[in-house]
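Residue numbers (our numbering): 34 to 327.
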């Protein structure tokens, strides 16, 4: 890790000085990535789903690489609203996590219950059903599943309640605390896009300068998995072949220990018991829940 400098701390600077108003900018792109991203977007039509959305804060990683007991390797942040920038709790947690290079703070979308309801969290946690009388629009808001919705519900039940969406605020807050401490997501592509197949086809293995740091984080996770008595579970969830290309040790490790609980593949978009147990054997999913509860 010492050999790869964290580029993301510069996101909060302007002309070499800390910028207290970083969150009111129109664009959020690192200087080291700017030319590549600009060239990348210039080659695509306006309507292309592969265009990089630089008006949203990038999310190269979410969580603490030293403390997380479950590390999910994902594809990219989804395009949504920028309401998170108006949430002071989220802004402080986001800034702390990125400035430290993932060495401080935690899973900032689970900093408290307000951050779990942000649009940027919906792809992870899903959307709760809201009845018409409680909805600001006066219409029923249908529930939608996110990548972590099954884990969220099962963790809530393990902690003594109902599914997360039906739990009281005290239990929901306890689930949030567990996720903040124990969960990390590392995105292979740090900027928001609509459709990853297009963006990775366009990228063709030409990595952004900043992506070296995400690769370094994964290597640190693998080192932890090798050295610690209770290692983190590293789950390759999306863009598996691209992750193997970026960090060859991932694929080599699978080749040697395909059933290892220190490193898992998730064959679906959503992390479920069926998905993990079908690849790694019965009990794999329970190991994930056990680490998240710690």
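C-beta atoms are modelled at their ideal positions from N, C-alpha and C, and glycine is treated no differently.
Three-state secondary structure assigned by DSSP to residue i
i	result
residue 94	strand
residue 39	coil
residue 180	coil
residue 216	strand
residue 290	Model confidence at residue 290 stands at a pLDDT of 44, short of 50, so the residue's coordinates are unreliable; what they give is reported in the following sentence. Reduced to three states, the DSSP call for residue 290 is coil.
residue 83	coil
residue 149	helix
residue 56	helix
residue 226	strand
Rounded C-alpha distance that separates residue i from residue j
i	j	result
residue 140	residue 80	32 angstroms
residue 78	residue 208	42 angstroms
residue 129	residue 64	20 angstroms
residue 318	residue 42	35 angstroms
residue 190	residue 205	11 angstroms
residue 302	residue 270	7 angstroms
residue 119	residue 314	44 angstroms
residue 288	residue 277	Low confidence applies to residue 288: its pLDDT is 45, below 50, so where it sits in the model is not reliable, and the reading given next is rough at best. Their Cα atoms are separated by approximately 12 angstroms.
residue 53	residue 316	47 angstroms
residue 263	residue 95	21 angstroms
residue 282	residue 201	43 angstroms
residue 117	residue 196	25 angstroms
residue 273	residue 297	11 angstroms
residue 83	residue 258	34 angstroms
residue 62	residue 100	27 angstroms
residue 293	residue 51	In this predicted model, residue 293 has a pLDDT of only 47, less than 50, meaning its place in the structure is not dependable; the value taken from the coordinates is given anyway. Whole-angstrom Cα-Cα distance: 43 angstroms.
residue 152	residue 37	32 angstroms
residue 178	residue 199	14 angstroms
residue 85	residue 57	19 angstroms
residue 291	residue 284	Note on residue 291: pLDDT 40, under 50, position unreliable in the model; the coordinate value appears next. Approximately 10 angstroms, taken between the alpha carbons.
residue 126	residue 253	22 angstroms
residue 180	residue 112	15 angstroms
residue 135	residue 250	8 angstroms
residue 123	residue 59	18 angstroms
residue 74	residue 304	31 angstroms
Residue interval of the alpha helix (DSSP H) (run including residue i)
i	result
residue 126	121-132
residue 317	317-326
residue 262	Note, residue 262: premise wrong, no alpha helix (DSSP H); not H, not E.
residue 276	273-279
residue 67	64-75
residue 199	Note, residue 199: premise wrong, no alpha helix (DSSP H); not H, not E.
residue 158	155-158
Bounding residues of the beta strand (DSSP E) (the contiguous stretch that carries residue i)
i	result
residue 107	103-107
residue 269	266-269
For residue i: DSSP bridge partner residues
i	result
residue 48	Answer is none; residue 48 lacks a bridge partner.
residue 302	Paired residues: none, contrary to the question.
Residue i beta carbon near the ligand GDP (any heavy atom closer than 7 angstroms)
i	result
residue 250	In the structure on display, the ligand GDP does not appear, and there are no ligands present to speak of.
Is the stretch 97-117 touching the stretch 214-224, taking contact as three or more C-beta pairs under 8 angstroms? Yes: at least three Cβ pairs fall under 8 angstroms.
Between the stretch 131-149 and the stretch 198-213, can you find at least three pairs of beta-carbon atoms closer than 8 angstroms? Using a C-beta cut-off of 8 angstroms, the stretch 198-213 makes contact with the stretch 131-149, since at least three inter-stretch Cβ pairs fall below that distance.
Given 8 angstroms as the limit, is there contact between the stretch 242-257 and the stretch 89-96, that is, 3 or more CB pairs closer than that? yes
Between the stretch 181-195 and the stretch 152-161, do three or more beta carbon pairs fall short of 8 angstroms? yes
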